Each structure stands twice: as structure tokens, then as C-alpha cells.
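Under our numbering, the sequence shown is numbered contiguously, ending at residue 125. Glycine residues also receive a C-beta, built at the ideal position from the N, C-alpha and C atoms. Quick caveat: nothing in here was measured; it's all calculated off a predicted structure.
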Amino acid sequence: MNIIANEIGTEETLLFLTVGDEKEAGLFLLAGPVEAVENLGPRVAELLGGKGAGKRGRFQGKATKMSRRGEVEALLQEYISHQRAET
């Protein structure tokens, strides 16, 4: 997942990647602007029933509720919409 994030470049792009089956545990990576990742990373881990850690614009961890990816996507969309409204 880090290789993909490196190729895309995440200084201005918020990226959410997961690996794993919807009905089982998996891994996740949230990468992007440092402030966004610091705010959203722990919330993403909580939504996915997982734990993780982050630094320098990357937050990665293990998740037990991969079926909640849609909720994470909604959270990220809301965050992006709010950021656009402020600019």
C-alpha cells in the first residue's frame, strides 16, 4: 500500500487504501496532508474496529471491521467538503 501511496503522491491528495476481505480483518492506510491525516487517522481506525499509528502524513493499521469502509469513505467525503467550503 505504501508503494501505491508513494507513486500517487500524497502531499495534496487524501488517499484511503485497504487490503482484506469485507467479512474478515484487513489492513488500511490513510495518507495525505499531515493535518488531515492527524485528524482523521484515529477516527478511521475507530470506525474500522482497528488500531494503528501514524507519522508524517501516513496512518496505517489493522482493522477488524472491513465492512465499515463505506462509513470511512463518508467521513472522508465530509471532511473534504468541509475543507473546500473553508477555502
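Of the residues assessed, V57 falls on the exposed side of the cut-off, its CB having fewer than 16 other CB atoms within 10 angstroms. The beta-carbon distance between A69 and G95, rounded to whole angstroms, is 6 angstroms. This is short enough to meet the 8 angstroms contact definition. Ranked by Cα distance from V82, the first of L114, E62, G64 is L114. Judged by DSSP in its simplified three-state form, A63 adopts coil rather than helix or strand. According to DSSP, residue pairing for G99 in a beta bridge involves F66, G90. Between A101 and A43, the C-beta spacing is not below 8 angstroms. Linking L55 to G99 through their CA atoms gives a straight-line distance of about 11 angstroms.
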